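Novice: Note that numbering that gives the first Met the number 0 gives residue 13 to position 14 of the sequence shown, counting from 1, and the numbers run on in steps of one. The beta-carbon is built from N, C-alpha and C at its ideal position, and this holds for glycine as well. In this text, all values refer to a predicted model and were calculated from it rather than measured experimentally.
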Amino acid sequence: MSVSSHHRQVESRLADSGVRYTPGRRAVVDVLGSAEGPLGAAEIHERLHGRVPLSSVYRTLAVLEEAGVLIPHFAQKGLTRYELAEWLRGHHHHLVCIGCGGVEDVTLPDPLEAEMDRIVKSIGKLTEFSATSHSLEIEGRCARCDG
Ligand SMILES: [Zn+2]
Ligand SMILES: [Zn+2]
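(1) Specify the secondary structure class of glutamate 127 as computed by DSSP and reduced to three states.
(2) Verify whether the separation of the beta carbon atoms of glutamate 42 and isoleucine 97 is less than 8 Å.
(3) Which of helix, strand or coil does DSSP assign to tyrosine 20?
(4) Just the C-alpha distance for arginine 19 and glutamate 10, rounded to the nearest angstrom, thanks.
(5) Taking the alpha-carbon of aspartate 109 as reference, which of Leu60, Ala61, His90, Val62 has the nearest alpha-carbon?
(6) For valine 105, which residues does DSSP report across the bridge?
(7) When every heavy atom of ligand 4 is checked, does at least one fall within less than 7 Å of the C-beta of glutamate 112?
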């Protein structure tokens with residue numbers, strides 16, 4: 000999905016809650032829309048090259064999470080990262096590197112995703128838990144840390 004279509008969707012979602020889509024908020028959505036995975040406030044700030052002060056990045060993240068535009072991702076070491084919610088970014092999973100702590104998005108090809116669905120449904124049956132969604136976290140070492 001293109002970044003400009005993200006902007007239209009985010010703008011109308013924010014308008015529903017009476018929140019203005021300011022240039023600073025657009026800039027944060029731009030960074031997250033082109034990121035390879037969830038990012039923390041400091042990482043977003045860095046990618047904005049100082050165009051948006053860190054304190055305002057934090058406020059923007061809170062506002063966008065409240066509006067359901069962003070969701071938090073809690074990694075090890077207590078760092079909270081954010082990414083566009085699945086209704087914007089599409090369904091995907093995460094590769095978590097135990098070396099550098101990086102988190103990368105991965106979208107599975109349809110046959111694999113269908114297999115995941117079957118596994119999740121089977122787990123639901125075993126546990127009498129009615130699963131409505133799932134997200135896989137795969138831990139390991141990224142190509143950089145494995146080299
Ligand atoms: Zn790594
Ligand atoms: Zn993700």
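Specialist: Based on what the coordinates show:
(1) coil
(2) no
(3) coil
(4) 8 Å
(5) His90
(6) His92
(7) Inclusion of ligand 4 in the displayed structure is not the case, the ligand content consisting of ligand 1 and ligand 2 alone.
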